[in-house]
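**Q** Residue numbers (the working numbering): 288 to 585. For every residue, glycine included, the Cβ atom is placed at its ideal position computed from N, Cα and C.
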Ligand SMILES: NC(=O)c1ccc[n+]([C@@H]2O[C@H](COP(=O)([O-])OP(=O)(O)OC[C@H]3O[C@@H](n4cnc5c(N)ncnc54)[C@H](OP(=O)(O)O)[C@@H]3O)[C@@H](O)[C@H]2O)c1
């Protein structure tokens, strides 16, 4: 019997957004300890622009052809041998490579139960952005009560989680937003919002999170504003600047899911599109014409 096929967004070579192809490929089969997940959605992450251009070679383990997508939100379709704790029908999420496809395979222990308070498609907003925000706020930033924190790039996907987590930690949060993001950022509950396109950024910060791929000169200008800069974007050449790469963490995903189910963490979706919108999204994002979390339904 021929293997079942599924639709996937793949690249066979590095280049501009035109290298993204939509192909019918064999549906993966779960091995020992793995599950096959019927994808509800993945999400668009700006870091995939760098991946598509070949800039992440040597940083991530990538072989071509490569299926795009890092965020997994879906339902277990089939459990491989030896899987305990997950069964067909379970709604899950995780940070897994190759999720811009109708099905994805993941190790069962890489996944966490999806929150139930939001649609499963919106859950795809959580893994990359939520875990990166958690790393920035807690692991790298050490943000705690009473600290003055500047979050530059709060209008983006990571910023959405970072502002809320820093506020929960008890910090005084100053978020930056261009006019297009101002309302959405205010809804996250910061103490102050600064329009980085029109006003200088305030100094005297305990922690500065730079979540925006700013020009190098702007990045350098962030260095004197606070004792520590935690950046997920443009490298900043300062002795107190720390850079990091986020990995999957199902225990933290479970904590994020619990906060969402308790109504203590909001997931705000900016746009939702089908898989075929990916090349256009890549082009718009490269031109600076996207903001916030963008869901890709499958
Ligand atoms: N280290 C890691 O593991 C890791 C993981 C994921 C992502 N990243 C990186 O982290 C960065 C943020 O990711 P994201 O998904 O949150 O991206 P995003 O959704 O594109 O958000 C970035 C936001 O920054 C704001 N912005 C743009 N130019 C700015 C400027 N000059 N000054 C201040 N703010 C500006 C924009 O909001 P407004 O202009 O509307 O205010 C934009 O929405 C990206 O560079 C991404 O590659 C790193």
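1. Of all the options 451, 360, 341, which has the alpha carbon lying nearest to the alpha carbon of residue 553?
2. Cβ-heavy atom distance between residue 381 and ligand 1 below 6 Å?
3. Quick one: residues in its chain with C-beta nearer than 6 Å to the C-beta of residue 477, no 5 flanking neighbours on either side, listed in chain order?
4. Could you spell out where the alpha helix (DSSP H) holding residue 448 opens and where it closes?
5. Count the other C-beta atoms from every protein chain shown that fall within 10 angstroms of the C-beta of residue 623, then say buried if there are 16 or more, exposed otherwise.
6. With three or more beta-carbon pairs closer than 8 Å as the criterion, would you say the region 342-362 touches the region 383-396?
7. In angstroms, rounded to a whole number, what distance separates the CA positions of residue 572 and residue 333?
8. Does the Cβ of residue 586 lie closer than 6 Å to at least one heavy atom of ligand 1?
9. If we require 3 or more residues per run, which beta strand (DSSP E) segments fall completely within the region 306-359?
10. If I measure Cβ to Cβ from residue 440 and keep anything under 6 Å in the same chain, skipping five residues before and after, which residues do I get?
11. Return the chain-ordered ranges of every beta strand (DSSP E) run that is complete within the region 510-536 and spans a minimum of 3 residues.
12. Within the same chain, show all residues whose beta-carbon is closer than 6 Å to that of residue 327, passing over the 5 residues directly before and after it, in chain order.
13. Roughly how many angstroms separate the alpha carbons of residue 312 and residue 291, rounded to a whole number?
14. So, for residue 472: in the same chain, excluding its five sequence neighbours on each side, which residues have a beta-carbon less than 6 Å away from its beta-carbon?
15. What's the C-alpha gap between residue 378 and residue 363?
16. For residue 498, verify whether its CB is less than 6 Å away from any heavy atom of ligand 1.
17. Hey, would you say residue 558 sits closer than 7 Å to residue 583, going by beta carbons?
18. Who pairs with residue 437 in a beta bridge, going by DSSP?
19. Helix, strand or coil for residue 300, going by three-state DSSP, please let me know.
20. Can you tell me whether residue 577 is buried or exposed, with buried defined as 16 or more other CB within 10 angstroms of its CB?
21. Under the DSSP definition of a beta bridge, which residues are partnered with residue 481?
22. Leaving out five residues before and five after residue 297 in sequence, what residues of the same chain have Cβ atoms less than 6 Å from its Cβ?
**A** Reading off the structure:
1. One-based indexing of the chain shown puts residue 553 at position 266. It is 451 whose Cα lies nearest to the Cα of residue 553.
2. In the chain shown, residue 381 corresponds to position 94, counting from 1. No - ligand 1 has no heavy atom lying nearer than 6 Å to the Cβ of residue 381.
3. As a first step, residue 477 is located in the chain shown; it is residue number 190 there, counting from the start. Excluding positions up to five away in sequence, the list reads 450, 460, 462.
4. If you number the chain shown from 1, residue 448 lands on position 161. Membership of residue 448 in the alpha helix (DSSP H) is indicated by the continuous run 444-455.
5. Because the chain spans 288 through 585 in this model, residue 623 falls outside it and cannot be assessed.
6. Output reads yes: the region 383-396 touches the region 342-362.
7. As a first step, residue 572 must be located in the chain shown, where it is residue number 285. As a first step, residue 333 must be located in the chain shown, where it is residue number 46. The alpha-carbon atoms of residue 572 and residue 333 are separated by roughly 7 Å.
8. The structure shown does not extend to residue 586, since the chain is modelled only from 288 through 585, so no value can be given for it.
9. With a minimum length of 3 residues, the continuous beta strand (DSSP E) runs that stay inside the region 306-359 are 307-313, 321-331.
10. One-based indexing of the chain shown puts residue 440 at position 153. The beta carbon of residue 440 lies closer than 6 Å to those of 446, 498, 499 in the same chain, with the five residues before and after it left out.
11. When DSSP assignments are scanned along the region 510-536, the uninterrupted stretches of beta strand (DSSP E) that are 3 or more residues long and fall wholly within it turn out to be 513-518, 528-530.
12. Against the chain shown, residue 327 aligns to sequence position 40. So the list reads 360, 361, 407, 408, once near-sequence residues are dropped.
13. On the chain shown, position 25 is the one that residue 312 refers to. On the chain shown, position 4 is the one that residue 291 refers to. Pairing residue 312 with residue 291, the inter-Cα distance amounts to about 8 Å.
14. Working through the chain shown from its first residue, we reach residue 472 at position 185. Cβ within range, chain order: 441, 442, 462, 464, 480.
15. In the chain shown, residue 378 corresponds to position 91, counting from 1. In the chain shown, residue 363 corresponds to position 76, counting from 1. C-alpha of residue 378 to C-alpha of residue 363: approximately 6 Å in a straight line.
16. Locating residue 498 in the chain shown gives position 211, where the first residue counts as 1. Residue 498 has its CB nearer than 6 Å to a heavy atom of ligand 1.
17. As a first step, residue 558 is located in the chain shown; it is residue number 271 there, counting from the start. As a first step, residue 583 is located in the chain shown; it is residue number 296 there, counting from the start. Taking 7 Å as the Cβ cut-off, residue 558 and residue 583 do not qualify as a contacting pair.
18. Counted from its first residue, the chain shown places residue 437 at position 150. According to DSSP, residue 437 bridges with 461, 495.
19. Here residue 300 refers to the residue found at position 13 of the chain shown. Residue 300: coil per DSSP, three-state reduction.
20. Reading the chain shown from its first residue, position 290 is the one you call residue 577. Residue 577 comes out buried.
21. Your numbering for residue 481 matches position 194 in the chain shown. Under DSSP, residue 481 shares a beta bridge with 463.
22. Sequence index remark: in the chain shown, residue 297 carries index 10 (1-based). Here the set comprises 308, 310, 352, 354.
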